[in-house]
């Protein structure tokens, strides 16, 4: 009987150990570093200054926007984002929430928000509800966005 109890106790300890080893971290310094990367990107968009954001993304990153494959961040920045931001008078986020899960060298983030755009040409306003999912990888001690997908819909 004592042998069975020892084996059962050992099995329980191993299960608890492995469960903890594979747990995803949702707070702590790694999650904060990931949030800082996402915040830097968000702040650049609000400042309409995305030209210095390439360092937040992996060179071979993949960007997806509302059903379109945009390519790498560098391509997206040059052919989509920068020209779009030039057409805006302002871009502001509100009701921003972020959830981050860190699993080893990878992090997974979901951001939800409202955003308001004021167009430069006529001052008209666009208000949308948006969501972004991102995968980040820690590369040489620095978190980089390797995949980003955002989409939006009209507010009700």
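Residue numbers (mature numbering (1 follows the signal peptide of the UniProt record, and there is no 0)): -23 to -1, 1 to 133.
Virtual Cβ for every residue (Gly too), placed ideally from N, Cα, C.
- Rounded to whole angstroms, the separation of the alpha carbons of residue 82 and residue 117 is 10 Å.
- Residue 11 and residue 100 have their C-alpha atoms roughly 34 Å apart.
- Counting only residues of its own chain and dropping the five nearest sequence neighbours on each side, residue 14 has a CB closer than 7 Å to the CB of 33, 113, 120, 122.
- Counting C-beta pairs with one atom in each stretch, the segment 32 to 50 and the segment 88 to 102 have fewer than three that are closer than 8 Å, which means they do not touch.
- Here residue 47 is buried, its C-beta having at least 16 other C-beta atoms within 10 Å.
- Between residue 127 and residue 109, the gap from beta carbon to beta carbon is short of 8 Å.
- For residue 59, the uninterrupted alpha helix (DSSP H) segment begins and ends at 59 to 63.
- Straight-line spacing of the CA atoms in residue 84 and residue 106 works out to 24 Å.
- One alpha carbon belongs to residue 28, the other to residue 86, and they sit about 23 Å apart.
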